[in-house]
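Counting from 46, one number per residue, gives the positions in the sequence shown under the numbering used here. Have a look at the structure below, then the notes.
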Amino acid sequence: MITDFDKITEECGVFGIYCDDEKKVVELSHLALFAMQHRGRVGAGIATTDSKTIHCYKDLGLVADVFTADVLKSIKSGKIAIGHVRNSSKAVVERFAAQPLVMRYMNGVMALANNGALVNGNDLRKELEHDGAMFQAGSDAETVAYLIARKRVQSGSLEKAVVEAMDQVQGAYSMVLLGRHKLIAVRDPRGMRPLSLGRIGENCWVVASETCVFDGIGAEFVRDVEPGEVIMINEDGLHSDRTHCGREKQALCIYEYVYFARPDSVINGKSVHEVRMEIGKLLAKEHPVEADIVCGVPDSGISAAIGYSQASGIPYGTALIKNKYISQAHIDKDNDELMEMALKVKLNVLEAIIRGKRVILIDDSIIKGMTAKYIISLLRKAGATEVHLRISSPPVFNTCYFGTTINDRGSLITSSMQVEQICEAVGADSLGFASVDGIHSVAGMGEIGICDACFTGNYPMQVEEREYFNKYDHKIGEEPKA
């Protein structure tokens with residue numbers, strides 16, 4: 046299974062709602078998943094509660110594929126629901142690994158959906174298995190669910206069990222949990238994954254991975270969920286536990302600004318579109334070049350291309366058209382021939398815009414280099430006289446252990462080539478990456494902590510380099526998370 050082909054992708058988006066108007070809950074959850082489709086194209090799911098039990102429907106595919114009209118009609122509604130969209134770097138994905146996960150335990154039932162990855166997930170899983178736990182999905186979400194269920198037996202409430210479980214969990218996570226009478230949202234103490242709180246009128250609270258979801262469902266943005274905060278919403282209103290707030294230095298993933306988030310989202314008070322434009326301006330300053338037109342690789346390269354154009358004075362133009370209606374095909378990500386065929390379906394070039402022109406091409410990253418090579422070849426075939434590639438992030442050198450698909454350092458083109466060699470390999474006339482210092486200045490490193498470990502190797506917590514083994518995978522070592 047490939048996710049956005051030769052791109053870094055994040056693994057999930059989460060949504061939660063508590064609303065007195067039960068008729069709106071499923072509909073709004075469905076719309077929210079559409080708004081987060083860019084964060085997960087492999088699977089989708091919605092769990093609801095009628096105060097007696099939890100009902101869940103999930104499957105593989107895009108939101109539109111999973112939730113047909115008949116399926117939506119069959120979902121039992123209530124005041125509370127959570128939803129999830131999922132990506133995966135695995136070659137094979139099973140339906141039971143989709144989320145939300147429903148867990149029945151001694152004190153009741155709960156559902157959980159997670160965005161992120163644990164660095165101590167393997168150790169926690171082994172400990173739980175030693176105590177008799179039996180895993181099916183083998184995911185970090187399942188591990189956390191088991192841990193919370195065990196804590197719940199000894200705790201006075203589900204939210205207290207979540208707070209206690211956070212003492213043992215290390216890594217990046219933004220989670221939503223569904224109890225029979227309450228909605229819980231939690232963000233890890235470093236705030237590595239985004240999570241926002243919104244409101245519709247007086248009696249409807251929503252949480253989501255991105256603020257663009259609120260625009261789509263008519264919600265007002267209230268604030269970001271604080272790093273380390275646990276929010277519980279029930280019939281008595283919203284309650285917050287800040288036991289874990291301020292314990293760790295914040296380390297928001299830099300790629301939320303560079304690539305993951307939709308440009309119309311706001312993260313930690315910063316417009317994603319404006320940050321990307323500023324990165325484009327930074328690129329124009331750090332890597333100027335004479336050209337006739339600036340264009341961006343859709344979608345994340347467009348804002349940076351506009352910024353480059355504004356700073357350089359070189360006109361901006363649309364040269365590439367993206368097919369947005371492609372479901373995740375079961376294509377081996379290591380098969381370059383099939384990957385290239387998939388790219389031909391995904392992207393096309395407007396020949397009339399770039400024929401006879403010197404082109405500056407803005408993209409967000411280079412991983413294997415195959416996408417860049419193919420796009421540059423398209424531009425040359427369409428008549429571009431020069432193609433100058435500019436990347437709105439620094440070179441990626443290191444594995445990510447926190448829930449993105451930067452899995453294997455050896456698969457990165459930077460592991461075997463210098464910048465000049467990469468430039469030649471992808472067929473560009475010149476190549477320039479945004480600097481680490483420049484990215485920090487644009488993203489507000491002084492105001493909020495940023496995780497840039499994939500560029501620098503400076504991980505915000507201790508990680509142990511070892512092969513990730515998941516006995517439920519068809520292949521071993523595909524998704525190292527330590």
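For every residue, glycine included, the Cβ atom is placed at its ideal position computed from N, Cα and C.
> Near F442, which residues of its chain fall below 6 angstroms by C-beta distance, leaving aside the five closest residues on each side in sequence?
Replying inline: For the purposes of this step, residue 442 is identified with residue 397 of the sequence shown, where counting begins at 1. Hits under 6 angstroms: T459.
> Based on Cα-Cα distance, which residue from G261, G263, K227, K294 lies nearest to D281?
Replying inline: In the sequence shown, residue 281 corresponds to position 236, counting from 1. Of all alpha-carbon atoms in G261, G263, K227, K294, the one lying nearest the alpha-carbon of D281 is that of K227.
> Using DSSP with H/G/I as helix, E/B as strand and the rest coil, what is V342?
Replying inline: Sequence index remark: in the sequence shown, residue 342 carries index 297 (1-based). Per DSSP, reduced to three states, the secondary structure at V342 is coil, with no helix or strand assignment.
> Does DSSP classify Y553 as helix, strand or coil?
Replying inline: Residue 553 lies beyond the stretch modelled for the chain, which goes from 46 to 527, so this question has no answer here.
>> Considering only the alpha carbon of each residue, which of K413, S410, V394, D409 lies closest to I421?
In response: Here residue 421 is taken as the residue at index 376 of the sequence shown, counted from 1. Relative to the Cα of I421, the nearest Cα in the group K413, S410, V394, D409 belongs to V394.
>> For G502 and S119, I'd like the C-alpha separation in whole angstroms.
In response: For the purposes of this step, residue 502 is taken as the residue at position 457 of the sequence shown. For the purposes of this step, residue 119 is taken as the residue at position 74 of the sequence shown. Answer to the nearest angstrom: the Cα atoms are 48 angstroms apart.
>> Would the stretch 74-93 count as touching the stretch 144-159 if we require 3 or more Cβ pairs under 8 angstroms?
In response: Short answer: they touch.
> Just reading off the beta strand (DSSP E) that R403 is part of, what are its end residues?
Replying inline: For the purposes of this step, residue 403 is identified with residue 358 of the sequence shown, where counting begins at 1. R403 -> beta strand (DSSP E) spans 403-408.
> Would you call I62 buried or exposed, if buried means 16 or more other Cβ atoms sit within 10 Å of its Cβ?
Replying inline: In the sequence shown, residue 62 corresponds to position 17, counting from 1. Burial call: buried.
> Skipping 5 residues on each side, what residues in its chain have a beta carbon closer than 6 angstroms to that of S348?
Replying inline: Stepping through the sequence shown from its first residue, residue 348 is reached at position 303. For S348, where only same-chain residues beyond five positions count, the Cβ hits under 6 angstroms are P308, H318, R321, M322.
> Would V198 be called buried (16 or more neighbouring beta carbons within 10 Å of its own) or exposed?
Replying inline: Within the sequence shown, numbered from 1, the residue matching residue 198 stands at position 153. So V198 ends up on the exposed side.
>> I262 and H73 - do their beta-carbons sit closer together than 7 angstroms?
In response: Your numbering for residue 73 matches position 28 in the sequence shown. Your numbering for residue 262 matches position 217 in the sequence shown. Note on identity: in this sequence residue 73 is Leu, with His being the wrong assignment. In this structure, L73 sits near I262, with a CB-CB distance shorter than 7 angstroms.
> Using the C-alpha atoms, what's the distance from S219 back to V59?
Replying inline: Position 14 of the sequence shown, counted from the start, is the residue given in the question as residue 59. Position 174 of the sequence shown, counted from the start, is the residue given in the question as residue 219. Their backbone Cα atoms lie some 8 angstroms apart in a straight line.
> DSSP state of A217, grouped into three classes?
Replying inline: Taking the sequence shown and counting its residues from 1, the one referred to as residue 217 is at position 172. Three-state DSSP puts A217 in a strand.
> Do the stretch 399-408 and the stretch 282-299 touch if we need at least three Cβ pairs shorter than 8 angstroms?
Replying inline: These segments do not touch.
>> Once the 5 residues before and after E335 are set aside, which same chain residues still bring their CB inside 8 angstroms of it?
In response: Mapped onto the sequence shown, residue 335 falls at position 290. Here the set comprises R403.
> What residues in its chain sit with their C-beta under 6 angstroms from that of V251, if we drop five residues either side in the sequence?
Replying inline: Along the sequence shown, read from residue 1 onward, the residue named residue 251 stands at position 206. Around V251, the same chain offers I62, G243, A264 as residues with beta carbons nearer than 6 angstroms, after the five sequence neighbours per side are excluded.
>> Contact between the stretch 412-432 and the stretch 344-360 is defined here as three or more beta-carbon pairs at a separation below 8 angstroms; is this criterion met?
In response: Result no; under three Cβ-Cβ pairs closer than 8 angstroms.
> Counting Cβ pairs, one atom from each stretch, are 3 or more of them under 8 angstroms apart for the stretch 222-240 and the stretch 170-182?
Replying inline: In short, these stretches do not touch, since the Cβ pair count stays below three.
> So P439 packs on A498, CB below 8 angstroms; how close in whole Å?
Replying inline: Stepping through the sequence shown from its first residue, residue 439 is reached at position 394. Stepping through the sequence shown from its first residue, residue 498 is reached at position 453. Actually they do not touch by this definition, with Cβ atoms about 12 angstroms apart.
> For E265, which residues does DSSP report across the bridge?
Replying inline: Start at 1 with the first residue of the sequence shown, and residue 265 comes out as number 220. Residue pairing by DSSP places E265 opposite R244 in a beta bridge.
> Where does the unbroken beta strand (DSSP E) through K103 begin, and where does it stop?
Replying inline: Reading the sequence shown from its first residue, position 58 is the one you call residue 103. Segment 99-105, the beta strand (DSSP E) holding K103.
> Cα-Cα, which of G448, M81, C298, G123 is closest to H129?
Replying inline: Against the sequence shown, residue 129 aligns to sequence position 84. Ranked by how close their Cα comes to the Cα of H129, the residues G448, M81, C298, G123 have M81 in first place.
> Straight-line CA distance for T113 to S410?
Replying inline: The sequence position of residue 113 within the sequence shown is 68, counting from 1. The sequence position of residue 410 within the sequence shown is 365, counting from 1. So the alpha carbons of these two residues sit roughly 35 angstroms apart.
> When you compare only the Cα positions, how much space is there between P234 and E67?
Replying inline: Numbered from 1 along the sequence shown, position 189 holds the residue referred to as residue 234. Numbered from 1 along the sequence shown, position 22 holds the residue referred to as residue 67. Cα to Cα, the separation comes out at about 33 angstroms.
> In three-state terms, what does DSSP make of G483?
Replying inline: Looking up residue 483 in the sequence shown gives position 438. DSSP, reduced to helix, strand and coil, places G483 within a helical segment of the structure shown.
>> Between which two residues does the alpha helix (DSSP H) holding R170 run?
In response: Taking the first residue of the sequence shown as position 1, residue 170 is located at position 125. Membership of R170 in the alpha helix (DSSP H) is indicated by the continuous run 166-175.
> Which whole-angstrom value describes the C-beta separation of V71 and L146, a residue pair presumed to lie in contact below a C-beta threshold of 8 angstroms?
Replying inline: Locating residue 71 in the sequence shown gives position 26, counting from the first residue. Locating residue 146 in the sequence shown gives position 101, counting from the first residue. That belief does not hold up - the Cβ atoms of V71 and L146 are roughly 19 angstroms apart, past 8 angstroms.
> What separation, rounded to the nearest whole angstrom, lies between the Cα atoms of I278 and L107?
Replying inline: Within the sequence shown, numbered from 1, the residue matching residue 278 stands at position 233. Within the sequence shown, numbered from 1, the residue matching residue 107 stands at position 62. When the Cα atoms are used, I278 and L107 turn out to be separated by approximately 29 angstroms.
> Straight-line CA distance for F266 to F305?
Replying inline: Position 221 of the sequence shown, counting from 1, holds the residue named residue 266. Position 260 of the sequence shown, counting from 1, holds the residue named residue 305. The alpha-carbon of F266 is positioned some 20 angstroms away from that of F305.
> Cβ of E139 less than 7 angstroms from any chain D Cβ?
Replying inline: The displayed structure is made up of one protein chain only, and chain D is not part of it.
> For I338, which residues of its own chain have a beta-carbon under 8 angstroms away from its beta-carbon, when the five flanking residues on both sides are left out?
Replying inline: Mapped onto the sequence shown, residue 338 falls at position 293. Non-local C-beta neighbours of I338 in its own chain, meaning closer than 8 angstroms and more than five positions away in sequence, comprise I359, P360, Y361, G362, A364, I398, I399, K402, R403, V404, I405, ordered along the chain.
> Would you report the Cα separation of P272 and G246, rounded to the nearest angstrom?
Replying inline: Counted from its first residue, the sequence shown places residue 272 at position 227. Counted from its first residue, the sequence shown places residue 246 at position 201. Looking at the backbone, the Cα of P272 and that of G246 are separated by about 26 angstroms.
> How would you label H100, buried or exposed, when you count the other beta carbons within 10 angstroms and need 16 or more for buried?
Replying inline: In the sequence shown, residue 100 corresponds to position 55, counting from 1. Around the beta carbon of H100, 16 or more other beta carbons lie within 10 angstroms, which makes this residue buried.
> For K69, is the classification buried or exposed, using 16 other Cβ atoms within 10 angstroms of its Cβ as the cut-off for buried?
Replying inline: On the sequence shown, residue 69 is found 24 positions in, with the first residue counted as 1. Taking every protein chain shown into account, the CB of K69 has 16 or more other CB atoms within 10 angstroms, so this residue is buried.
> Between S316 and H83, what straight-line distance do the alpha-carbon atoms span, to the nearest angstrom?
Replying inline: Looking up residue 316 in the sequence shown gives position 271. Looking up residue 83 in the sequence shown gives position 38. Within the model, the alpha-carbon separation for S316 versus H83 is close to 17 angstroms.
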